[in-house]
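Novice:
Number of protein chains: 4
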Amino acid sequence: MLKCAVLGATGYTGAELTKLLLAHPHVRVSLLTTRQEKPIALREVLPSVSKDIKLEITPYSLDTVKKKADVIFLCLPHTEAMATAEQFLAAGKVVIDLSADFRLRDKKVYETWYGVIHTAPQYLSQAVYGLCEVYREKIKKADLIANPGCYPTGPLLALIPLIKRKLIDPGSVIINAASGVSGAGKKLVAATQFCEVNENYNAYKVNQHQHAPEIEQSLSEAAGKPVKITFVPHLLPVTRGIFATIYAETTAKATEAVIRKTLQETYQQSPFVRIKAEGQYPSLKEVRHTNFCDIGVSIQKGTRRLVMLVAIDNLVKGAAGQAVQNMNLRFGFPEEAGLL
Amino acid sequence: MLKCAVLGATGYTGAELTKLLLAHPHVRVSLLTTRQEKPIALREVLPSVSKDIKLEITPYSLDTVKKKADVIFLCLPHTEAMATAEQFLAAGKVVIDLSADFRLRDKKVYETWYGVIHTAPQYLSQAVYGLCEVYREKIKKADLIANPGCYPTGPLLALIPLIKRKLIDPGSVIINAASGVSGAGKKLVAATQFCEVNENYNAYKVNQHQHAPEIEQSLSEAAGKPVKITFVPHLLPVTRGIFATIYAETTAKATEAVIRKTLQETYQQSPFVRIKAEGQYPSLKEVRHTNFCDIGVSIQKGTRRLVMLVAIDNLVKGAAGQAVQNMNLRFGFPEEAGLL
Amino acid sequence: MLKCAVLGATGYTGAELTKLLLAHPHVRVSLLTTRQEKPIALREVLPSVSKDIKLEITPYSLDTVKKKADVIFLCLPHTEAMATAEQFLAAGKVVIDLSADFRLRDKKVYETWYGVIHTAPQYLSQAVYGLCEVYREKIKKADLIANPGCYPTGPLLALIPLIKRKLIDPGSVIINAASGVSGAGKKLVAATQFCEVNENYNAYKVNQHQHAPEIEQSLSEAAGKPVKITFVPHLLPVTRGIFATIYAETTAKATEAVIRKTLQETYQQSPFVRIKAEGQYPSLKEVRHTNFCDIGVSIQKGTRRLVMLVAIDNLVKGAAGQAVQNMNLRFGFPEEAGLL
Amino acid sequence: MLKCAVLGATGYTGAELTKLLLAHPHVRVSLLTTRQEKPIALREVLPSVSKDIKLEITPYSLDTVKKKADVIFLCLPHTEAMATAEQFLAAGKVVIDLSADFRLRDKKVYETWYGVIHTAPQYLSQAVYGLCEVYREKIKKADLIANPGCYPTGPLLALIPLIKRKLIDPGSVIINAASGVSGAGKKLVAATQFCEVNENYNAYKVNQHQHAPEIEQSLSEAAGKPVKITFVPHLLPVTRGIFATIYAETTAKATEAVIRKTLQETYQQSPFVRIKAEGQYPSLKEVRHTNFCDIGVSIQKGTRRLVMLVAIDNLVKGAAGQAVQNMNLRFGFPEEAGLL
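Protein chains in written order, with this note's numbering: chain A, 1 to 340; chain B, 1 to 340; chain C, 1 to 340; chain D, 1 to 340.
1. Within 8 Å (strictly less), CB to CB, does B/Leu340 reach chain C?
2. Output, in chain order, the set of chain A residues within a Cβ distance shorter than 8 Å of D/Ser50.
3. Under 7 Å Cβ-Cβ, which residues of chain C neighbour B/Thr290?
4. How many angstroms separate the CA atom of C/Asp70 from the CA atom of B/Val273?
5. Going straight from the alpha carbon of A/Glu249 to that of D/Ser50, what length do you get?
6. Closer than 8 Å, Cβ to Cβ, to anything on chain E: give me those residues from the segment 248 to 279 of chain C, in chain order.
7. Can we say the segment 92 to 112 of chain B touches the segment 146 to 155 of chain B, given the rule of at least three CB pairs closer than 8 Å?
8. Taking any Cβ of chain B, which residues in the segment 215 to 248 of chain D have a Cβ under 7 Å from it, in chain order?
9. With a threshold of 8 Å between beta carbons, is C/Ser99 in contact with chain D?
10. Name, please, each residue of chain B whose Cβ falls closer than 9 Å to the Cβ of C/Glu199.
11. Would you list, in chain order, the members of the segment 311 to 323 of chain C that have their beta-carbon closer than 8 Å to a beta-carbon of chain D?
12. Assign C/Arg240 to one of two classes, buried (16 or more other C-beta atoms within 10 Å of its C-beta) or exposed (fewer than that).
13. Is any beta-carbon of chain B found at less than 8 Å from that of C/Glu286?
14. Which bits of chain B does A/Ala203 rub up against, with CB to CB less than 7 Å?
15. Verify the CB distance criterion: does D/Cys195 have a CB-CB separation below 8 Å to chain B?
16. Roughly how many angstroms lie between the CA atoms of B/Glu256 and B/Ala277, to the nearest whole one?
17. Since D/Ser283 sits in a beta bridge, which residues does DSSP pair it with?
18. Who are the neighbours of A/Ser298 on chain B, taking C-beta pairs under 9 Å?
19. If you draw a straight line from the C-alpha of C/Tyr110 to the C-alpha of C/His118, how long is it?
20. Please confirm whether any heavy atom of the ligand SAM lies closer than 7 Å to the CB of C/Gly14.
21. What is the rounded straight-line gap between the Cα of B/Val94 and the Cα of B/Pro271?
22. Find out if the Cβ-Cβ distance for the pair A/Leu236, A/Ala311 is shorter than 8 Å.
23. On the three-state DSSP scale, how would you describe D/Ile229?
24. Mind listing which residues of the segment 167 to 179 of chain C have their C-beta closer than 7 Å to chain D's C-betas, in chain order?
25. What residue range does the beta strand (DSSP E) around A/Ile174 cover?
26. Please report the residue range of the beta strand (DSSP E) in which C/Thr34 lies.
27. Pick out whichever of A/Met1, A/Glu335, A/Asp143, A/Ser283 has its Cα sitting closest to the Cα of A/Ser125.
28. Report the neighbours of D/Arg305 on chain C: residues whose CB is nearer than 7 Å to its CB, in chain order.
29. If I follow the unbroken beta strand (DSSP E) through B/Asp294, where does it start and stop?
30. In chain order, what residues of the same chain have a beta carbon less than 7 Å from the beta carbon of C/Gly14, not counting five sequence neighbours either side?
31. Are the beta-carbon atoms of C/Ile295 and C/Ala222 separated by less than 8 Å?
32. What's the gap between the Cα of C/Lys3 and the Cα of C/Tyr123?
33. Between C/Gln210 and C/Glu56, what straight-line distance do the alpha-carbon atoms span, to the nearest angstrom?
34. Would you kindly work out how many angstroms separate the C-alpha atoms of B/Ile259 and C/Lys38, rounded to a whole number?
35. If you count every other CB in all the chains shown that lies within 10 Å of the CB of A/Glu133, and 16 or more means buried, which is it?
In structure tokens, the structure reads:
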């Protein structure tokens, strides 16, 4: 059994990841840690665990992690992850980082968007971006996997195959995305208080969200040239889920049928990407608590305007589930182990 | 006191309108009707009314309406309104129609999108589209006012001034809109059951919503040429409110400051349109239960990509409130009477 | 025009009160204050105000309040209100205190439940408990009105008439109450974060809520002997509203019809208390955004078990609305002025 | 592998049950049926299923069910289940009925509360009430298991051990319960439309809910004498979960510690009943999507008033999960198989 440690197990993502790992047939949760000073019973943050499970989340100690874990999941805040990752990589461990610290290959881009100095830039080129369906082969050999952001996951899965086959103009891409509140984490801020979010909906960080450069990096790679997108995130009054409505201009040869077929063929062997039939569109409730990414396609009659609708659960395919899928790929388990 | 009749007072829009008219300083609610066979106490559909108000919603009778009302509000289903309106116009009454029946000037466009024959086409050219801030002068003299749809209201207020001044390319407009559930009315359908909507979010009628031609009609008029838009509506798990995120390409001379200033100047004398300061964006909770339309503006640095955010309450500015505002204009009351 | 000051206008209650006072026909909002150091535009906390209203919420200054206001509403945290009230009472002003500081007549009871020393006990006997329908005559002459807590208001209105007429056994009263989240105010706590409250429901402060002694004080007065109740509050995933389900044993002569009639007669002249007909029960949506208190009654066949259902809006009848109603009584305005 | 059929797989309960059975290690879902005329892809009602699962829900046929299934789960409306069950019992199958048709042993009580004639009364005495933790031994040998109602499950688990040990007065029991909307099923009714439920809360069927006699039947059995309770259900604006707040008078010897210890000992070997520590109470979010029943206990100081708080997921422990648990007991699988 592969021994897994989750660092930062008290947050929404850490708890979700712990839940998935506990149900996984091929791994053992050997350690859960927190930055808090006192141990916390796992059931405090994950009330769904069996009465038999007596696991505790214990204060972080470098040596204990090294001793007890083969693979280390970092559910730490951005900037804290980079320092932590270094220590385990040096000790020959596999690190799956759910923070943003190793997603952007360009140190300067990271520093511009996250507003801090990157202190472990030597690992940026070595880190593999953990978008499973796209970078599967690289992930199988990676020791540092940068788990994608919640917003980028869905749109990248929808756009990359079309850009690679030159079916759309990469420069025309607009991503209108809406996220449930768990995406903002557990920190206490006025914006995520019940009375602020309930019965509300609004855009935020318009043209200024840090996930935009992450999307652009992968789209640029697919296009073979720099791509700039428009990205507007919104806050939904739901706990879980991200829904992206993507607009793009098709090239001359791309009919709706061609685009749908391209996506279906691309993801035929991928257990978690589902392409909707003509006239059918995804919804949050169909992907909630799953690792699925559902994609719907529509082209406006008589135009080249493509609309794609993409839904995932932000805590699963957008975070913890994709992290497990990355672990499955890296350690040779079936890709869907513990996820279906 | 002007005598008002509300036909179809049991629906969400009819009840909201009745509430506004009861609080209006210059009018009297003289008649409320329903297509049901038995009278219903107003308090059944409007529980917020005072104990003193003993009004009933009574079965519809043409003669009673003619006798009792100066202005007639039609909160009837599409297709039913056209037949009803005719009878009151012939009798010299003022009709404010909250259905879609007189919004589209082209009979064929109506018939294509609504799937029925228009039986009162002779009134299509005479009807004035009741988008108060844009067609104020025409509304003051109209006997048949076609109250705008809930989705068109916000985007039109944001886009028309910019198109008129050629600050944006009308052909580039994309409207990504999200509506609360009351927009779907009270009819029993699976899609609006609590368990379907709660914790959910999804697009619907992608590229096929009947409010698209209504938006295109007014934008085409503003542009002086045919305009085709992309319009994707979504269903939000909230009761009230519509939020539109609008994307468009600016022309060379349109900076964010110019666009904001254009909107501010356009609506300086309009009590219900509020333009947000730089870096500020609207939200549903700021317009809920009000007749305001709030507009925010952002241009992505180094590009011509304009993003506009627009929020209204679908039952107020998107329906009943705008109907009252139209009545105020038509009968010479202060524009904000009963609405602030 | 009576000049009103609202101290603590940035909280949910303060904002709601300001909104009501701005719409009131007989008063003028002359001052809004905050404990924060910088002035805040009113529209930041009350986005529904008209574009014309340029009011600011300014840092608190004793002298300014004294100079500018005839009646002072305290929307301050418990313990802060008592010190503040003293200063204005000494200056001959009327104070309507929305905190708990002057609700309990017994200093010791206050200190036990609120865990602090009461520093203005000399005003406890002079303060009038502002439950309008019950203490109307005293309120008309009071200079210090202690506005009731949100939980006590509904149950007291339902129970007091029955206890006074000896129709129920006061010792048998159980109050099972459920409140919307705005009742907890704006302070940042984990328990009111969206992801904690949404799709959740739970009891809290079981047998330990500080509103229990407040309820017991008025019931004891009505009974002419000490009354002890059972009170279990719950948190509802809604923004506004309190719903209480009350259980009690009737005395021999109290049929359901007698109880309903007693309540109807008691509140015949009270514009805000509505008694439901047989088989009809209140709901939060029927009282939301209103000053109504709706009461339903059921006795289980063949038993003496009375069930009463009571609904109010916690921010209106449970706080700001009742404060305005108290002001109306005190200054001789119509009781419903600004509230219907 | 045990072959399972789910009759009525398109409803909320049927879909939840199918999901649990698909993940169960010891059974195979061999048949899913519907009363509709055309087959439906399982993914239409259960979008979380893997892409590989091509199961269909097919129109009901008696012979096919007999041939394909060892155990038959009835997720049918009340009254339809009784006729269907008969046919399979005669054919020697095991039937787990999730309707109310075989829960009440007294034909007359059934007919009074459900308003129809019971057409299979010969099975009433043979049916075993499937409250797993209480009737475990009987369930192991039963061929007709009447799965408990969603409301009775939690309160019965909390009350039966206390009544059996004479720690509370059975005649004093009051159950104040609140349910999520999925409890009402999928039929289209105004009361479960989003705009009616959202931001609302209300009592319904006060003293008239058909689950009261079901609770009374088991409590009477535990008490050895007829027990009459007070039961008031409420509708919560959440999709899943039932929370019951139970009030009762303790007998002289029952301290809070004694009651807690009694419950802990009773359920020590039961994997799904969890007793909260002193001062801790359950919440819906801690049991959602689980088969747990969490119970909290409080006695008001200086009184004999016991308050118990009980939470379950209505679709799991309150329906489909308990049905699987019953199957596990009946067929000798580990009690928690497929449920943890």
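Glycine included, each C-beta is placed from N, C-alpha and C at the ideal position. None of these values were measured; they are calculated from a predicted model.
Specialist: So, from the data block:
1. Residue-level contact check: B/Leu340 touches chain C, since one or more beta carbons of chain C fall below 8 Å from its beta carbon.
2. By Cβ distance, chain A contributes Pro271, Glu336, Leu340.
3. Simply Ser48.
4. Cα to Cα, C/Asp70 sits roughly 35 Å from B/Val273.
5. Their Cα atoms are separated by approximately 32 Å.
6. The structure shown contains no chain E; its protein chains are A, B, C and D.
7. Judged by pairs of C-beta atoms under 8 Å, the segment 92 to 112 of chain B touches the segment 146 to 155 of chain B, as three or more such pairs exist.
8. Correct list: Thr239.
9. So, not an interface residue.
10. Within chain B, the residues near C/Glu199 are Asn198, Glu199.
11. If the cut-off is 8 Å between Cβ atoms, the segment 311 to 323 of chain C has Ala311 near chain D.
12. Its Cβ being crowded by 16 or more others within 10 Å, C/Arg240 is buried.
13. Judged by the 8 Å Cβ criterion, C/Glu286 is in contact with chain B.
14. In chain order: Thr245, Tyr281, Leu309.
15. The Cβ of D/Cys195 sits closer than 8 Å to at least one Cβ of chain B.
16. Spanning the two alpha carbons is a distance of roughly 11 Å.
17. BP columns for D/Ser283 point to C/Asn202.
18. In chain order: Ala203, Val206, Asn207, Gln208, Val232.
19. Their backbone Cα atoms lie some 7 Å apart in a straight line.
20. In the structure on display, the ligand SAM does not appear, and there are no ligands present to speak of.
21. Distance between the alpha carbons of B/Val94 and B/Pro271: 24 Å.
22. The criterion of a C-beta distance shorter than 8 Å is not satisfied by A/Leu236 and A/Ala311.
23. Secondary structure of D/Ile229 (DSSP, three-state): coil.
24. Those residues of the segment 167 to 179 of chain C placed with their C-beta closer than 7 Å to a C-beta in chain D are Ile174, Asn176, Ala178, ordered along the chain.
25. Secondary structure note for A/Ile174: its beta strand (DSSP E) is the uninterrupted segment 174 to 179.
26. Counting along the chain, C/Thr34 sits inside the beta strand (DSSP E) bounded by residues 27 to 34.
27. Out of A/Met1, A/Glu335, A/Asp143, A/Ser283, the CA that lies nearest to the CA of A/Ser125 is found in A/Asp143.
28. Neighbours of D/Arg305 on chain C, chain order: Thr230.
29. Following the DSSP letters along the chain, one finds B/Asp294 inside the beta strand (DSSP E) bounded by residues 293 to 299.
30. So the qualifying residues of the chain are Val6, Gly8, Cys75.
31. Cβ atoms of C/Ile295 and C/Ala222: not closer than 8 Å.
32. Between C/Lys3 and C/Tyr123, the C-alpha separation is close to 24 Å.
33. A straight line joining the alpha-carbon of C/Gln210 with that of C/Glu56 spans about 34 Å.
34. Counting only the Cα atoms, C/Lys38 lies some 31 Å from B/Ile259.
35. Residue environment for A/Glu133: buried (at least 16 other C-beta atoms within 10 angstroms of its C-beta).
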